[in-house]
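Note sheet for the following structure.
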Amino acid sequence: MPAERTLFEKIWDAHVVAQPVGRSPILYIDLHLLHEVTSPQAFDGLRSGGRKVRQPARNLATVDHNIPTEPRGTPITDLIAAKQISALQANCKEFGIRLFDMDSPEQGIVHVIGPELGLTQPGMTIVCGDSHTSTHGAFGALAFGIGTSEVEHVLATQCIAQQKPKTMKIDVRGRFPEGVTAKDLALGIIGQIGTDGATGHVIEYAGEAVRSLSMEGRMTLCNMSIEAGARAGMVAPDETTFAYVRGRRFTPHNAEWEKALAHWRTLPSAESAKFDEVVEIDAAQLSPFVTWGTNPGMVAPVTGRIPEPNGMKESDRRGFELALQYMGLEPGKRIQEIGVNRVFIGSCTNSRIEDLRAAARVAKGHRVNPKVRAMVVPGSQMVKKAAEQEGLHQIFLDAGFEWRESGCSMCLGMNPDILRPGERCASTSNRNFEGRQGRGGRTHLVSPMMAAAAAIAGHFTDIRNWKFQ
Amino acid sequence: MKPFTVHRGRVAPLDRVNIDTDQIIPKQFLKRIEKSGFGQFLFYDWRFGADGKKNVDFVLDQPRYAGATILLSGKNFGCGSSREHAVWALADFGFRAVISSSFADIFANNSAKNGFLTVRLSDNEIAELMKRATEPGYELAIDLEQCRVRDDQGFGAKFPIDEFVRHCLINGLDDIGLTLQYESEISDYEARHPVPAALDFVNP
Ligand code: SF4
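In order, the protein sequence lines correspond to chains Y and G. Heads up, the first sequence is in my numbering, so the first residue is 284 and it goes up one at a time. Heads up, the second sequence is in my numbering, so the first residue is 182 and it goes up one at a time.
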């Protein structure tokens, strides 16, 4: 075993259960998270194979993707969604899996509740039938999304057969300029390396700027790793991590805590560890970003314009034209001249307390533009409660934002929160694919501050010139 | 799982890059709790207008590509959401394989678990096939034993594939069964790494 290993390699090596000849290594999974959309067929598979869940305690479920964000207790009008939710309830009961259900104070988006309950810890392997599982890598865990067949596999064996990915280090030098957030860094990276720039790789984010991020910021950054094609994204654990994890419901306590801490301190990549690829980013060059197309790599600074197609490769040009056609935009248009009629602040990318604080700071003392409908959807019940204790909800309500119950909501519009055809939305979520937020809907990805500012201005505006009240 | 050895079939060219799984199977169809019946919703927003009427221009619905079993597409196919429903929809529609110059990782994994083949060729080979596929009745043969794709007009290319994935596809092997051959290793590992006390939970 080489002494100079990366964070990823240390976690990988520690979890290899068996290395069968000629096939993928078998990795042990410390924590498996489940939700209602990608699990029913996996439980069916278990039943038809006569199999049990091997380690129920290492599996945990919640409902997030298709639940309404109306006040809890409002009946679910979508009968197929209701069926999916009751299937999860029945499956969890049958197989002995803990479920944070609709009415539970711990309910929330699966990638929000894992960290806030202290389930997510450094050095762990974590999987979930959801591509944004990469979020948990912010803690120095190896966390990645899997498909439903793999969900079944993990339920049955608590292991996964995986080919070892390659490693990529993204070194973010310098400090963030004013108004630039982790979301802008994520968009800036994808804009630079492309939506397949990290395919087959696990990214480790490093450098002064990354170290300066809060845990919320690191989660936002790791969350979007998948949008660059990466298998996972990680940040080495440090004092910021330990301070966040300490004292949460599922974290180790007392002597166990000291033991865990000592182990976690050994995890960061060795100084001289080698990565298959290294990308350097200068934080000082970043600005608040806005996506203008139909994938997260189609991004421009808020002060910029939609690019001109001159000099593009033929295949790229076609994609470019289709994207602008779908978005109803033209080359050369100034980003700040793009008007919006919907705003969505939420999703596993940006629905944590710090995101809501940032958006509320912008909204305070202002009014949402009359042509805009703006929603704030906290990532979890715990986030919602914390925000209400701080009075953030009142700031939003006074400014004319809607304040909803927690869930994925308009990030993917599997519940009633959707865009209508042609509606244009400033969204803090992670995907601007065609129809993602509703058929014919047009999504622009931005940071929470930029979304709140767009709600008030009625168009994209540079947060660096904002009049905070 | 249905074994995959040699397959010959008609090719439908879908000349776009970065086709994400939200396009392959839009979210409104993810609420089913079965694995079957997703084919009718494949590429729904491209195949059907907002009024539910068929868009006759869409490649899969052109009569010349009827019955196609091989999908040809631009790079980074299957990016985005991890939904395995994308593979179920492609397979249920009648496809056995997708050919592209690159695939998103999770999509490729999901495909392999369903006996569905992802064939990686170079950008130039894809461009060439895009041209050839517009010929009426164009067919390709995919030979997984030889890792080769060829047509009757002289096109031939090798494709890379992980040896173990190939072995499982050819033999139609179930992953869970394979992993459980390592039951004693898993148990040993668990003995050394017990479930943390905080997680222990008894279902009421
Ligand atoms: S918030 Fe959006 S991206 Fe995150 S888990 Fe939910 S649907 Fe997926």
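Yeah, the Cβ is synthetic: ideal placement off N, Cα and C, and Gly gets one too. Keep in mind it's a predicted model, so treat the numbers as computed, not measured.
Per-residue burial, residue i [other beta carbons within 10 Å of its own, 16 or more giving buried]
i: G530 (chain Y); result: exposed
i: R373 (chain G); result: exposed
i: F751 (chain Y); result: exposed
i: P244 (chain G); result: exposed
i: T577 (chain Y); result: buried
i: K337 (chain G); result: A small fix is needed here, since residue 337 (chain G) is Gly in this sequence, not Lys. With fewer than 16 Cβ atoms within 10 Å of its Cβ, G337 (chain G) is classed as exposed.
i: E265 (chain G); result: buried
i: A740 (chain Y); result: buried
i: G428 (chain Y); result: buried
i: G594 (chain Y); result: exposed
i: V237 (chain G); result: exposed
i: K466 (chain Y); result: buried
i: G480 (chain Y); result: buried
i: H536 (chain Y); result: exposed
Proximal residues to residue i (C-beta, below 7 angstroms), its chain only, five neighbours per side dropped
i: V240 (chain G); result: A193, P194, L195 and Y246
i: A774 (chain Y); result: Residue coverage of chain Y in this structure runs from 284 to 752, which leaves residue 774 (chain Y) outside it and unanswerable.
i: S555 (chain Y); result: E287
i: N351 (chain Y); result: The sequence shown places Pro at residue 351 (chain Y), rather than the Asn named in the question. Around P351 (chain Y): T357, I359, N698 and P699.
i: D386 (chain Y); result: R355
i: A735 (chain Y); result: I628, A642, V645 and A646
i: I476 (chain Y); result: A511 and V562
i: K293 (chain Y); result: L550
Per DSSP, cross-strand counterpart(s) of residue i
i: N342 (chain Y); result: Y:H315
i: V729 (chain Y); result: Paired residue(s): none; V729 (chain Y) is not in a bridge.
i: M451 (chain Y); result: Y:I486 and Y:E560
i: C411 (chain Y); result: Y:L316 and Y:G428
i: D201 (chain G); result: G:C260
i: D331 (chain G); result: A quick correction: the sequence has Arg, not Asp, at residue 331 (chain G). The partner list for R331 (chain G) (beta bridge, DSSP) reads G:A322 and G:G337.
i: H676 (chain Y); result: According to DSSP, H676 (chain Y) bridges with nothing at all.
i: D565 (chain Y); result: Y:R456
i: W686 (chain Y); result: Y:V659
i: M517 (chain Y); result: Y:E487
i: F383 (chain Y); result: Y:T345
i: R313 (chain G); result: Paired residue(s): none; R313 (chain G) is not in a bridge.
i: V300 (chain G); result: G:I280
i: H546 (chain Y); result: Per DSSP, none; premise fails for H546 (chain Y).
Any non-hydrogen atom of ligand 1 closer than 7 angstroms to residue i Cβ
i: I701 (chain Y); result: no
i: H315 (chain Y); result: no
i: V666 (chain Y); result: no
i: S630 (chain Y); result: yes
i: V623 (chain Y); result: no
i: D347 (chain Y); result: yes
i: V410 (chain Y); result: no
i: C260 (chain G); result: no
i: C694 (chain Y); result: yes
i: D413 (chain Y); result: yes
i: N713 (chain Y); result: yes
i: V393 (chain Y); result: yes
i: C505 (chain Y); result: no
i: C708 (chain Y); result: no
i: C691 (chain Y); result: yes
Close Cβ partners of residue i (< 8 angstroms) along its chain, the five nearest in sequence each way excluded
i: R458 (chain Y); result: E491, A492, S495, A566 and A567
i: P704 (chain Y); result: G721, R722, G723 and G724
i: D203 (chain G); result: G261 and S262
i: R341 (chain Y); result: I312, D313, L314, H315 and Q441
Spatial neighbours of residue i in its chain, beta-carbon cut-off 6 angstroms, leaving aside the 5 residues before and after
i: L470 (chain Y); result: F572 and V582
i: R334 (chain Y); result: A439
i: M693 (chain Y); result: F627, D700 and Q720
i: D413 (chain Y); result: G428
i: C505 (chain Y); result: S417, T418, G420, A421 and G516
i: P317 (chain G); result: R245
i: D201 (chain G); result: C260 and G261
Contacts that residue i makes with chain A (C-beta to C-beta distance below 8 angstroms)
i: V187 (chain G); result: The structure shown contains no chain A; its protein chains are Y and G.
Counting Cβ pairs, one atom from each stretch, are 3 or more of them under 8 angstroms apart for the stretch 393-407 of chain Y and the stretch 364-382 of chain Y? no
Take every Cβ of the stretch 607-618 of chain Y, pair it with every Cβ of the stretch 678-696 of chain Y, and state whether three or more of those distances are shorter than 8 angstroms. no
If you pair each beta-carbon of the stretch 357-371 of chain G with each one of the stretch 305-323 of chain Y, do three or more pairs fall below 8 angstroms? yes
At least 3 beta-carbon pairs within less than 8 angstroms: the stretch 742-750 of chain Y vs the stretch 229-238 of chain G: no
Validate contact between the stretch 656-670 of chain Y and the stretch 313-323 of chain Y using beta carbons, cut 8 angstroms, 3 pairs: no
Between the stretch 417-431 of chain Y and the stretch 272-284 of chain G, are three or more C-beta pairs nearer than 8 angstroms? No contact exists between the stretch 417-431 of chain Y and the stretch 272-284 of chain G.
Would you call the stretch 636-651 of chain Y and the stretch 665-680 of chain Y in contact, with 3 or more CB pairs under 8 angstroms? yes
Are the stretch 471-488 of chain Y and the stretch 520-528 of chain Y in contact at 8 angstroms, needing three or more beta carbon pairs? no
Measuring CB atoms only, is the stretch 297-315 of chain G touching the stretch 328-337 of chain G, in the sense that at least three cross pairs come out at less than 8 angstroms? yes
Any chance the stretch 207-221 of chain G sits against the stretch 266-278 of chain G, with 3 or more Cβ pairs inside 8 angstroms? With a cut-off of 8 angstroms, the stretch 266-278 of chain G and the stretch 207-221 of chain G count as touching, because enough Cβ pairs lie within range.
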